[in-house]
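**Student:** Starting off with a structure, shown below.
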Amino acid sequence: MSPDLHFLLFLLLRMAIAAAFVVTASIITERSGPVIGALVATLPVSAGPSYVFLALDHDAAFIAQGALASLPVNAATIFMCLTYVVLSQRHGLVASCGSAVAVWIVLASIIRQFDWTLSAGLAANLIAFGICIPLLAGYRHVKMPLVTRRWYDVPMRAALVATLVAIVVSTSGWVGPRISGIIALYPVVFSSIMVILHPRIGGPPTAAVLANSAWGLLGFGMAIAVMHVAVVWFGSAVGLCLALGTCIVWNLSLWGIGRRARHKARPLP
């Protein structure tokens, strides 16, 4: 088998694995409502496969440096969500989603100009989420209409994530860890939520899903920081597992806290 054919087949296999992962996450999201759906959406549905496949091709130093670039990009993602949430209350999909993506691209372009340290990346996240979480709070509670899934919804999400994985894997060798870390963090899942749900149920309900994702996205940023530190000390495999575990524990904790709060708010019989 020629090296080019071997690379192509291996790339297609990686894309298929990433697609299967996002299909499973999408089904869970659609059946669980906006709160649980938002928590699932902030799991590493797209970034996770990208980093796993990067770890197969590169050493731990590459992954650790990529994580440093990814960390401040997480702050750009929460500003992207805030942009969409605010604009979608009065504007259509093109204006709302287009502006949100433009904000992410501008911020990511600024981020790539700097060499980030762990402390600077954490500070960027704390500042960004300190600003955005209070602003998003008023948009979280919206009555959700019934969502009927169309045949192309899940395939489209799977195709977007598979394409992201293909771009990250195939270009990582020549763009380096910094650009790979930025590309890996492009918010494919949030973009697909906007594109799929906004025309169907309107801006405010779709915005509620993204607004509910803020705390989960904060945990995702913590997971990236954990990955960087753990990869440096223990290698890529352990670092990736600890990052995933951080996301899961954080989101389960958020779910538990929310469930207890709803139970206490429920009127006594």
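Counting from 761, one number per residue, gives the positions in the sequence shown under the numbering used here. Don't be surprised by glycine CBs; every beta carbon is placed ideally from N, CA and C. Here the structure is a predicted model, which is why all the values come from computation and not from measurement.
Using a Cβ-Cβ cutoff of less than 6 Å, which residues in the same chain neighbour A829 once the five nearest sequence positions on both sides are dropped?
**Tutor:** Stepping through the sequence shown from its first residue, residue 829 is reached at position 69. Excluding sequence neighbours, A829 sits near R938, G941 and I942.
**Student:** Under 8 Å by Cβ, that's how I've got L842 and L895 pegged, so tell me the actual separation to the nearest angstrom.
**Tutor:** For this step, residue 842 is matched to residue 82 along the sequence shown. For this step, residue 895 is matched to residue 135 along the sequence shown. Yes, they are in contact, since the Cβ atoms of L842 and L895 sit about 6 Å apart, within 8 Å.
**Student:** Can you tell me the Cα-Cα spacing of L831 and G962, whole angstroms?
**Tutor:** Here the question's residue 831 lines up with position 71 in the sequence shown. Here the question's residue 962 lines up with position 202 in the sequence shown. One C-alpha to the other measures close to 31 Å.
**Student:** Within 10 angstroms of the Cβ of V812, are there 16 or more other Cβ atoms? Answer buried if so, exposed if not.
**Tutor:** Locating residue 812 in the sequence shown gives position 52, where the first residue counts as 1. Taking all protein chains shown into account, V812 has 16 or more neighbouring C-beta atoms within 10 Å of its C-beta and is therefore buried.
**Student:** In chain order, which alpha helix (DSSP H) runs of at least 4 residues are fully inside the stretch 991-1027?
**Tutor:** If we require 4 residues or more, the alpha helix (DSSP H) runs fully inside the stretch 991-1027 come out as 996-1025.
**Student:** Compute the Euclidean distance between the alpha carbons of V854 and G1005, then round it to the nearest angstrom.
**Tutor:** Working through the sequence shown from its first residue, we reach residue 854 at position 94. Working through the sequence shown from its first residue, we reach residue 1005 at position 245. Cα-Cα distance, rounded: 36 Å.
**Student:** Note the first and the last residue of the continuous alpha helix (DSSP H) segment covering Y811.
**Tutor:** Here the question's residue 811 lines up with position 51 in the sequence shown. Taken as a continuous stretch (DSSP letters only), the alpha helix (DSSP H) holding Y811 covers A807 to D817.
**Student:** From A827, A835, A860 and I838, pick the residue whose C-alpha is nearest to that of Y844; which is it?
**Tutor:** Counting from one through the sequence shown, the residue named residue 844 turns up at place 84. Residue nearest to Y844 within the set A827, A835, A860 and I838 is A860 (criterion: CA-CA distance).
**Student:** Is the beta carbon of L1002 closer than 8 Å to that of T837?
**Tutor:** Here residue 837 is taken as the residue at index 77 of the sequence shown, counted from 1. Here residue 1002 is taken as the residue at index 242 of the sequence shown, counted from 1. The Cβ atoms of T837 and L1002 lie no closer than 8 Å to each other.
**Student:** Using the rule of at least 16 other Cβ atoms within 10 Å of the residue's Cβ for burial, across every protein chain shown, is I871 buried or exposed?
**Tutor:** The count along the sequence shown starts at 1 and reaches residue 871 at position 111. Label assigned to I871: buried.
**Student:** Are F839 and V863 closer than 8 Å when you measure CB to CB?
**Tutor:** Here the question's residue 839 lines up with position 79 in the sequence shown. Here the question's residue 863 lines up with position 103 in the sequence shown. In this structure, V863 lies closer than 8 Å to F839 by Cβ.
**Student:** Whole angstroms are fine: how far does the CA of M982 sit from the CA of C1007?
**Tutor:** One-based indexing of the sequence shown puts residue 1007 at position 247. One-based indexing of the sequence shown puts residue 982 at position 222. C-alpha separation (whole angstroms): 8 Å.
**Student:** With distances taken between CB atoms, is the gap from A820 to S1013 smaller than 8 Å?
**Tutor:** For this step, residue 820 is matched to residue 60 along the sequence shown. For this step, residue 1013 is matched to residue 253 along the sequence shown. No, these two residues do not count as a Cβ contact at 8 Å.
**Student:** Figure out for me which residue from A815, A967 and P809 has the closest Cα to the Cα of V992.
**Tutor:** Counting from 1 along the sequence shown, the entry for residue 992 is found at position 232. With distances taken between Cα atoms, V992 lies closest to A815.
**Student:** Would you identify the three-state DSSP class for H901, choosing helix, strand or coil?
**Tutor:** By one-based count along the sequence shown, residue 901 stands at place 141. In the structure shown, H901 sits in coil (DSSP, three-state: anything other than H, G, I, E or B).
**Student:** What number of angstroms, rounded off, separates the C-alpha of L882 from the C-alpha of A985?
**Tutor:** Here residue 882 is taken as the residue at index 122 of the sequence shown, counted from 1. Here residue 985 is taken as the residue at index 225 of the sequence shown, counted from 1. If you take the alpha carbons of L882 and A985, they lie about 8 Å apart.
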